[in-house]
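These notes are about the structure you will find just below.
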Amino acid sequence: MPVPASHIMTFSLLLFSIGMIGVLTRRNAIIILMSIELMMNAANINFIAFSRQLNDVVGQVFSVFTIAVAAGEVAIGLAVVLALFRNRDTVYVDEVHIMKG
Amino acid sequence: MTSLLWLIPLLPFLGFVLNGLLGARVLSRRAVGIVACSAVGLSFLLSLGAVASLARLESVAAAAPGSLAVDVEAHRVTQTLYTWMAMGKSPSGADLRVNWAYALDPLSAVMVLVVTGVGFLIHVYSTGYMEQEPREAYARFFAYLNLFMAMMLTLVLGASLAVVFVGWEGVGLCSYLLIGFYHDRMFDETTKMSCADAGRKAFIVNRVGDIGFMLGMLLLFSAAGTLDIQGIVGQAGRLGVEVCTAAGLLLFLGACGKSAQIPLYVWLPDAMAGPTPVSALIHAATMVTAGVYVVCRMAPVYLQAPAALTTVAVVGGVTALFAATIGLCQNDIKKVLAYSTVSQLGYMMLAAGCGAFTAGVFHLMTHAFFKALLFLGAGSVIHAMSGEQDIRKMGGLDRHIPWTHGTFVVAGLAIAGIPPFAGFFSKDEILWRAFQVSPILWLIGAAGAFLTAFYMTRLYILVFRGKERFGQETRHHLHESPRSMIVPLAILAVLSLVGGWIGWPESMGPFPNLLERFLAPVFEAHGAAASSMAATLPRSWLLEFGMMMLSILVAGLGIFFGCVFYEWRPEIPVSMAENSRRLYGAILNKYYVDEFYGRVVLAPYYALCRAAAWFDQWIVDGVVNAAGYLTLGTSYTSVGFDTYIVDGLVNLAGYTVRGTSWVFRTLQTGIVQSYATAMVLGIFILVSVYLFSMSR
Chain B
229 MPVPASHIMT FSLLLFSIGM IGVLTRRNAI IILMSIELMM NAANINFIAF SRQLNDVVGQ
289 VFSVFTIAVA AGEVAIGLAV VLALFRNRDT VYVDEVHIMK G
Chain G
153 MTSLLWLIPL LPFLGFVLNG LLGARVLSRR AVGIVACSAV GLSFLLSLGA VASLARLESV
213 AAAAPGSLAV DVEAHRVTQT LYTWMAMGKS PSGADLRVNW AYALDPLSAV MVLVVTGVGF
273 LIHVYSTGYM EQEPREAYAR FFAYLNLFMA MMLTLVLGAS LAVVFVGWEG VGLCSYLLIG
333 FYHDRMFDET TKMSCADAGR KAFIVNRVGD IGFMLGMLLL FSAAGTLDIQ GIVGQAGRLG
393 VEVCTAAGLL LFLGACGKSA QIPLYVWLPD AMAGPTPVSA LIHAATMVTA GVYVVCRMAP
453 VYLQAPAALT TVAVVGGVTA LFAATIGLCQ NDIKKVLAYS TVSQLGYMML AAGCGAFTAG
513 VFHLMTHAFF KALLFLGAGS VIHAMSGEQD IRKMGGLDRH IPWTHGTFVV AGLAIAGIPP
573 FAGFFSKDEI LWRAFQVSPI LWLIGAAGAF LTAFYMTRLY ILVFRGKERF GQETRHHLHE
633 SPRSMIVPLA ILAVLSLVGG WIGWPESMGP FPNLLERFLA PVFEAHGAAA SSMAATLPRS
693 WLLEFGMMML SILVAGLGIF FGCVFYEWRP EIPVSMAENS RRLYGAILNK YYVDEFYGRV
753 VLAPYYALCR AAAWFDQWIV DGVVNAAGYL TLGTSYTSVG FDTYIVDGLV NLAGYTVRGT
813 SWVFRTLQTG IVQSYATAMV LGIFILVSVY LFSMSR
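In the order they appear, the protein sequences are chains B and G.
The opening residue of the first sequence carries number 229 in our numbering; numbering runs sequentially from there.
The opening residue of the second sequence carries number 153 in our numbering; numbering runs sequentially from there.
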């Protein structure tokens with residue numbers, strides 16, 4: 229029997245929540261990036277789940293696009309972190325608050 | 153030599169500059185004396201040369217350079233140096249300008265020779281007299297004396313009234329400086345007058361006269377359109393009686409100040425505060441005759457104004473008598489001579505007022521000789537007596553200082569009017585001319601002559617004869633003066649003897665009256681009726697001879713009474729003073745004229761000054777201060793408004809913005825995660841609200 233969509237959505241909800249909590253609580257920029265990947269993949273899983281439920285392949289195509297975009301995003305994110313580290317000798321985001329008012 | 157006219161005043165001026173700048177520090181005492189004497193001596197030689205060439209003016213005229221204007225007729229050479237003031241054109245189209253020009257004619261020739269000649273002798277004398285002074289004072293003295301010579305020569309050579317006025321003020325300044333030479337010493341203990349006060353008095357009294365001179369000068373300028381003396385004199389006839397009278401009286405006011413006539417004579421006796429050579433040079437021989445000179449210089453103007461001329465004669469005559477009476481009772485050797493000078497100047501004015509300008513100039517010249525000699529002799533006496541000036545503390549000096557004594561006798565005889573000494577000729581000439589104008593004037597003059605002979609005899613006897621009335625200390629220091637002082641005395645004594653012969657009365661033959669002929673081009677060129685006034689009486693030989701005998705008699709009587717009073721019967725003056733205490737007191741105190749001036753002129757003046765000072769302090773200053781305080785008060789208000797209201801509003805705006813922005817600013821933590829938290833929360837709330845509203 230196929231896994232019901234609600235289970236998958238619950239799983240993706242948990243995955244998203246874990247990612248979100250990671251983004252909000254961790255100080256290390258790399259871990260934050262990883263958490264963002266988690267959240268993105270939670271969204272992908274949702275796409276897949278609805279694609280199967282609705283018998284529409286567009287959802288799967290969408291997630292393939294998303295994965296490609298995420299790869300580019302990670303490349304940019306890592307480049308930002310690298311530049312940050314070079315300039316400020318840290319990857320902890322709470323130590324980078326030059327925009328404080 | 154006439155083209156070197158400009159050098160005559162310039163040389164002493166250079167001496168002044170040299171001694172004034174370097175004398176106190178660089179030059180030695182000897183060098184200062186040499187510079188001063190040689191400057192004046194050279195001036196004298198130049199003057200001699202210039203005057204000599206007056207005699208052969210035709211040749212001078214032929215070779216005259218452009219700056220030199222020669223008037224052969226009037227025996228006058230005018231040297232125009234440059235245009236001093238160019239004032240455009242007058243309404244009538246005449247060129248208004250004042251030139252710096254010097255003119256030499258017989259009148260100024262006499263003056264120049266007297267000034268430089270006597271001045272030179274007095275300079276030489278001063279080198280001996282001032283020897284005890286410190287070096288700085290020595291140099292200062294000669295610098296002032298040279299400056300005086302320069303100014304006096306400017307005065308007598310000036311071809312324009314403006315140039316004359318420069319000299320006039322200049323000699324006044326030098327007189328002030330030299331009277332106050334010992335500015336830190338007391339002059340008169342009884343009245344608490346310092347020498348500086350005496351100088352100030354001379355200056356201020358002269359200033360009263362100077363105003364007259366200036367007004368007269370300006371009046372003539374506006375009437376004649378020129379200040380050039382020849383220009384004014386040449387058109388004296390066109391000016392009208394009124395202008396001539398007014399101008400004559402105003403100029404005479406100036407002459408009264410300078411020549412110490414009533415009512416402005418008071419400064420001259422106090423001018424004795426200066427060193428004695430100064431008294432001889434400035435206050436006897438030269439400067440004080442400037443007034444007489446100006447009156448003679450403007451003779452044609454005066455001849456147009458009989459009223460002014462009469463005033464001059466009366467003032468002169470009264471001064472001559474009045475000052476002589478004061479001279480009777482003075483006890484300071486220099487003050488006796490000072491009042492004598494005032495009196496003799498009165499004679500000169502009397503002569504000028506009678507139209508006998510030649511006689512006035514003649515007396516001016518002889519007086520310069522014998523009065524300079526008297527003062528220098530007095531200086532020698534003071535020198536010998538270690539500074540004592542009171543004749544009551546002298547006596548019996550003839551044995552100790554024979555040279556001074558001998559020359560003093562010559563001068564005394566000259567001033568008393570004993571022939572053949574110089575004073576006789578000039579004074580007799582004046583009395584004779586006065587007699588022709590009015591017997592009353594003659595009587596005044598003769599009375600003055602009697603008193604002159606009397607007080608000179610008194611002075612002579614008290615100083616040189618009788619018992620020695622000084623202490624052992626003074627007697628010990630008693631000495632004849634050095635040769636530098638004796639030689640000028642001797643030369644002046646010779647001049648006092650022979651100086652009068654150049655004015656030998658024409659009617660008395662066998663000599664011609666050289667002076668009258670010499671001066672004729674000046675006083676008779678304009679048809680000046682110097683002789684027309686005399687024409688009222690026939691010029692009789694017998695009468696003139698009789699008058700001459702009479703004046704000898706008067707002088708002789710004066711000397712006789714002087715001898716009786718002070719040599720033979722010394723108790724007479726004492727008892728006379730006892731018997732008429734009031735009169736004696738009045739004369740002794742100079743008729744209280746100074747006190748009178750003090751009450752009538754000075755006291756109201758001081759009161760006015762005090763009132764003005766009070767007005768200044770309380771009203772004028774009060775208004776100013778009130779304005780100040782008012783401004784200050786307004787400023788404080790304005791500052792308060794600015795600080796608390798204007799600035800307050802501006803600051804309030806600032807604080808408001810800052811306070812508001814603080815709230816928003818603190819939201820911007822700069823930490824991305826806090827933003828993200830906020831975003832998540834926001835989405836959660838929005839979604840919650842959505843779901844909540846959907847479920848209803």
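Even glycine gets a Cβ: it sits at the ideal position worked out from N, Cα and C.
Let me know if residue i comes out buried or exposed under the rule of 16 or more other beta-carbons within 10 Å of its beta-carbon.
i                            : result
phenylalanine 836 of chain G : exposed
glutamine 284 of chain G     : exposed
leucine 689 of chain G       : Note that leucine 689 of chain G scores a pLDDT of 47, beneath 50, so its modelled location is shaky; the value from the coordinates is reported in the next line. The residue is exposed, with fewer than 16 neighbouring Cβ atoms inside 10 Å.
alanine 682 of chain G       : Annotation note: pLDDT 45 at alanine 682 of chain G (below 50); position unreliable, coordinate value reported separately. Flag for alanine 682 of chain G reads buried.
glutamine 624 of chain G     : exposed
leucine 760 of chain G       : exposed
tyrosine 334 of chain G      : buried
alanine 680 of chain G       : With a pLDDT of 44 at alanine 680 of chain G, under the threshold of 50, the modelled position of this residue cannot be trusted; read the value that follows with caution. So alanine 680 of chain G ends up on the buried side.
arginine 544 of chain G      : exposed
valine 533 of chain G        : buried
glutamine 413 of chain G     : buried
serine 684 of chain G        : Model confidence at serine 684 of chain G stands at a pLDDT of 44, short of 50, so the residue's coordinates are unreliable; what they give is reported in the following sentence. Counting Cβ neighbours within 10 Å, serine 684 of chain G comes out exposed, since fewer than 16 surround it.
tryptophan 656 of chain G    : buried
proline 427 of chain G       : buried
histidine 515 of chain G     : buried
asparagine 803 of chain G    : exposed
Start and end of the beta strand (DSSP E) containing residue i?
i                        : result
glycine 558 of chain G   : Glycine 558 of chain G -> not in any beta strand (DSSP E); alpha helix (DSSP H) instead, spanning 554-568.
aspartate 746 of chain G : Aspartate 746 of chain G -> not in any beta strand (DSSP E); alpha helix (DSSP H) instead, spanning 745-749.
alanine 215 of chain G   : That residue, alanine 215 of chain G, is in no beta strand (DSSP E); it is neither H nor E in DSSP.
valine 224 of chain G    : Run containing valine 224 of chain G: none; DSSP gives neither H nor E here.
Give the range of the alpha helix (DSSP H) segment to which residue i is assigned.
i                            : result
arginine 762 of chain G      : 755-766
phenylalanine 373 of chain G : 347-376
alanine 460 of chain G       : 458-479
arginine 314 of chain B      : 286-316
tryptophan 693 of chain G    : 693-715
leucine 782 of chain G       : 773-792
glutamine 413 of chain G     : Element bounds for glutamine 413 of chain G: n/a, residue is neither H nor E.
aspartate 580 of chain G     : 574-589
Quick check: residue i and residue j, are their CB atoms within less than 7 Å of each other?
i                         : j                            : result
glycine 443 of chain G    : threonine 518 of chain G     : no
valine 267 of chain G     : threonine 154 of chain G     : no
asparagine 298 of chain G : phenylalanine 168 of chain G : yes
alanine 503 of chain G    : valine 464 of chain G        : no
alanine 598 of chain G    : valine 466 of chain G        : no
glycine 280 of chain G    : proline 664 of chain G       : no
alanine 425 of chain G    : phenylalanine 293 of chain G : no
proline 164 of chain G    : alanine 191 of chain G       : yes
alanine 311 of chain G    : tyrosine 254 of chain G      : yes
glycine 714 of chain G    : lysine 619 of chain G        : no
serine 219 of chain G     : glutamine 231 of chain G     : yes
glycine 468 of chain G    : tyrosine 607 of chain G      : no
Residue i: which of the options sits nearest, CA to CA?
i                         : options                                : result
leucine 307 of chain G    : G/Trp158, G/Ala214, G/Leu248, G/Trp419 : G/Trp158
leucine 403 of chain G    : G/Gly280, G/Ala350, G/Ala460           : G/Ala460
valine 615 of chain G     : G/Ile643, G/Lys344, G/Ala536, G/Tyr749 : G/Ala536
proline 161 of chain G    : G/Met304, G/Arg208, G/Pro217           : G/Met304
glutamate 288 of chain G  : G/Ser180, G/Leu194, G/His275           : G/Ser180
glycine 406 of chain G    : G/Ala375, G/Tyr445, G/Gln382           : G/Tyr445
proline 415 of chain G    : G/Asp773, G/Val745, G/Ser787, G/His628 : G/Val745
valine 360 of chain G     : G/Cys408, G/Gly389, G/Ala314           : G/Cys408
tryptophan 419 of chain G : G/Gly479, G/Tyr328, G/Thr342           : G/Tyr328
isoleucine 236 of chain B : B/Tyr320, B/Ala270, B/Thr294, B/Val292 : B/Ala270
In chain G, which residues lie less than 8 Å from residue i when you measure between Cβ atoms?
i                         : result
isoleucine 326 of chain B : Gly822
methionine 248 of chain B : Val832
Name the chain A residues that come within less than 8 Å of residue i, Cβ to Cβ?
i                      : result
leucine 252 of chain B : In the displayed structure, chain A is absent; the protein chains listed are B and G.
Starting from residue i, find everything on chain G with Cβ-Cβ shorter than 9 Å and list it in chain order.
i                        : result
valine 308 of chain B    : None at all; the shortest Cβ gap to chain G is about 11 Å.
aspartate 284 of chain B : Those within 9 Å of aspartate 284 of chain B in chain G number zero; the least Cβ separation is about 25 Å.
valine 321 of chain B    : Ile823, Val824, Gln825
For the ligand HEM, any of its heavy atoms closer than 6 Å to the Cβ of residue i?
i                         : result
tryptophan 814 of chain G : With respect to small molecules bound, the structure shown includes none, and the ligand HEM cannot be examined in it.
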